[in-house]
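Below: the structure, in structure tokens.
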Amino acid sequence: MLRRPTIESRKLAWIAAVLLAACGSGETTILVVIESELLVPEQIDAVRVVAEGAEERSDATYSLAGSFPESALIRAGEDEDGPVDIDVVGLLAGSEVARASATTAFREGEQVTVTVRLGPCEACTDGGVDAGPPDQDAGNDAGIDAAVDGATPDAGADADLPEALPSNVPADLVPLPGERGDVVLDASSTWNTETGAISAEGVEQIRPAGEGVANGIGFAVLAQAGGPSLGVFTVGRLEVSEGAGILLTGANAAVIVATGEAQIDGRISAAAAGQAPGPGGGAGATDDSATVAAGAGAGGNGRDTGEPDSGGGGGGFGGTGGEGGRPPWDEQVPAGGAAYGEVSLVPLLTGSGGGFGAWTTEALSVHGGGGGGALQIFSTLSISISATGVITAAGGAGGGARGGGAGVGGGGGGGSGGGILLEAPEIRIDGSLAANGGGGGAGGSAPLAGSDGEGGRDDAQPAAGGEAPGDEGGAGGAGGARDSADGQPGAPQINAGGGGGAVGRIRLNTITGEAEIEGTLSPAPSTGIVATR
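Number 532 marks the last residue of the sequence shown (numbering that gives the first Met the number 0); no jumps.
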């Protein structure tokens, strides 16, 4: 059974923030301003703050990125009153080097400011500060609350079980509990797999670009034999709230390693968008007849035979891409992309692009859809995707032939779905996991344009191919989905349709080799045993 951390019995909520962090109007908070003459990082590299009321307690540690002053923001829980004791401990390489304390109280609807000064101590001890596992903040308090909730790590994973390890990532890259901040997302955010930068609505920056640990979140780029490079984010607990989301971008496949639970109530996307691929995925062929689609299962380009034009082939991955449609008298069929890769998603692979639809005279070729990217989420405890949660690595739609006087081309092929790999001792899915292929675009019938295909869907239904106009355009093929892994062929016609993209792959690894699934997964997942030590 999956259990989530709770703060019902600990009503002080901790949030580490930059100096003079702004509060929402009317919030009841305590702003702790921390001053010190100690040098960062030579004499001090982290600060631990413990806030304790009559029966409630909050504890957090975060790394220092610059010189003092720093600050911490403490929010009141429900019906919080009475004195609050605040202990601030300076750390260097995990050892206590400084201490300060203060006592104050919340004032309803106001922010109370307390200033403490950290000075070196000759024989620091933990004193009355409980040495239980600290939490770390990972960001700013403004829409994206990358906050520590004061809860200890979840007890849902049996302490007698062996330690779980991720695929595709070295074990020494997994942080110890408490070494990374808990990330709680309350709005949409963008994570760049090339730079490590994380931005969000209403927040200038959650994490700056660069490798290493910043704002409690680690990032590294790893080369991967036989696959794209990996952009690896390391966090404590990961929570994506309902209505919030993560959009993954960049040329590297995405990996999120969590030392706490991963709770997904919102949306995480590694999907392609039109011709543009998801993270690490292969791009669709462009509107230039000199280019080809990218990826190990790239769809073939459409062929110009003078007046008639064939559609592009769909990308392959977990199945075969649909063939591009051809004119009745053309014997050459643009190939759909081949299936490739292992069901284990080791190495972590991504989807492939679709071929372009051919053109004649003044018409322009139309793009193929991009391949879905790849996302691996690993948790040392558990992964839970609620009924409102969605993870997608869908393929992009193939373009429809242009209209006007140039509306005489074939449709572009759809991109294949990408890869989704979830690994934890326990996994429960009540929401949706989808790595479906994109639909192929429709051919035109001068002067009418063909419509674009549909991008891969979040459910188990195939993405629709583009609708053909007039008498000379062919419809695009549907994308692959749960009941049919392969993309469907584009319709043959004078200006033929593009083939649909195939599905990607979904893999679930747990301690038992089984996951609790009540939601929708498309394509059907494979399952395995998570690595341990």
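Using N, Cα and C, we set each Cβ at its ideal position, and we do this for glycine too.
- Spanning the alpha carbons of V291 and I73 requires a straight line of approximately 55 Å.
- Under the Cβ criterion (8 Å, minimum of three pairs), the segment 491 to 502 counts as touching the segment 410 to 421.
- Within the same chain, Cβ atoms closer than 8 Å to the Cβ of C120 are found at E95, V96, A97 and R98, the five residues on either side in sequence being excluded.
- G436 and G455 do touch by the CB rule: their CB atoms are close to 6 Å apart, below 8 Å.
- DSSP places A257 within a strand segment (E or B) once states are collapsed to three.
- Look at L38 here: in three-state DSSP terms it is coil, with no helix or strand label.
- Boundaries of the beta strand (DSSP E) around D181: G180 to L184.
- Within the same chain, and ignoring the five residues on either side of E193 in sequence, the residues whose Cβ sits closer than 7 Å to its Cβ are G230, G249, A250 and N251.
- For L117, the enclosing beta strand (DSSP E) starts and ends at Q110 to P119.
- Secondary structure in the segment 303 to 362: no alpha helix (DSSP H) run of 4 residues or longer lies completely within the stretch.
- Taking the Cβ atoms as the reference, G89 lies roughly 5 Å from I43, within the contact range of under 8 Å.
- A contact is defined here as three or more CB-CB pairs under 8 Å, and the segment 163 to 179 meets this definition with respect to the segment 371 to 388.
- In the three-state reduction of the DSSP assignment, L172 falls in the helix class, which pools H, G and I.
- Note on D470: under 16 other CB atoms within 10 angstroms of its CB, so exposed under the neighbour-count rule.
- In this structure, DSSP gives G409 a state outside helix and strand, which the three-state scheme calls coil.
- The residues R427, in chain order, have a CB closer than 6 Å to that of E515 in the same chain once the five nearest residues on each side in sequence are set aside.
- DSSP places G403 within a helical segment (H, G or I) once states are collapsed to three.
- Here DSSP, grouped into helix, strand and coil, assigns Q274 to coil.
- When secondary structure is reduced to three states using DSSP, P468 falls in the coil class, being assigned neither helix nor strand.
- L184 and S57 have their C-alpha atoms some 20 Å from each other.
- In the DSSP annotation of this structure, the continuous segment of the beta strand (DSSP E) that includes D58 starts and ends at R56 to S62.
- Q331 counts as exposed, since fewer than 16 other beta carbons sit within 10 angstroms of its beta carbon.
- About 3 Å separates the CB atoms of G259 and R236; that is less than 8 Å, so the two are in contact.
- Per the C-alpha coordinates, the member of A64, S450, S309 and G340 positioned closest to V212 is A64.
- A straight line joining the alpha-carbon of L38 with that of E210 spans about 23 Å.
- G323 is not a Cβ neighbour of S343, given a cutoff of 8 Å.
- Between the alpha carbons of P327 and D457 lies a gap of roughly 35 Å.
- A check of alpha carbon separations from G512 across Q492, A467, E425 and S521 identifies E425 as the nearest.
- When DSSP states are grouped into helix, strand and coil, V529 belongs to the coil group.
- By the criterion of a C-beta distance shorter than 6 Å, V111 is surrounded in its chain by I29 and T103, once the five residues flanking it on both sides are discounted.
- Closest by C-alpha distance to A393, out of G354, G315, S383 and T387, is G315.
- Shown here, I73 sits in a strand according to DSSP, grouped into three states.
- Taking C-beta atoms as the reference points, R532 and A271 fail to come closer than 8 Å.
- Residue burial is scored here from C-beta neighbours: T114 has fewer than 16 other C-beta atoms within 10 angstroms and is therefore classed as exposed.
- For I390 and T349, the gap between their C-alpha atoms comes out near 15 Å.
- By the neighbour-count criterion, in which a residue is buried when 16 or more other Cβ atoms sit within 10 angstroms of its Cβ, S66 is exposed.
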